[in-house]
Amino acid sequence: MIDVTLLSGKQITVNAEIIEIVDEVPDTVITLTTGKKIIVKESRQKVKSLVKSYKRDILNRNCDE
């Protein structure tokens, strides 16, 4: 799960496992595998970094077991 900020300023948590596309047009739009679109304040690069960190944390947890 990653935390992102909607354009309204509200923070939400998104399931990183169902993110399909992240695009900047010019706002950042996250498209989920469900077809739902979320417009956020974070840049495309920031969302990418958040997803990478999330995945890294999951892998590290599995390696520690």
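So for the sequence shown, my numbering puts the first residue at 11; every next one is plus one.
All residues carry an ideal CB built from backbone N, CA and C; glycine is no exception.
Quick caveat: nothing in here was measured; it's all calculated off a predicted structure.
Mark residue 38 as exposed unless 16 or more other C-beta atoms lie within 10 angstroms of its C-beta, in which case mark it buried.
-> That one is buried.
Going by the CB atoms, is the gap between residue 28 and residue 43 shorter than 7 angstroms?
-> When the beta-carbon positions are compared, residue 43 and residue 28 come within less than 7 angstroms of each other.
Out of curiosity, what's the CA-to-CA distance linking residue 50 and residue 66?
-> Taking the straight line from one Cα to the other gives about 22 angstroms.
How big is the Cα-Cα spacing for residue 48 and residue 73?
-> Distance between the alpha carbons of residue 48 and residue 73 is about 32 angstroms.
Length-filtered (4 minimum) alpha helix (DSSP H) runs lying within the region 18 to 74 | Listed in chain order, the complete alpha helix (DSSP H) runs (minimum 4 residues) inside the region 18 to 74 are 54 to 74.
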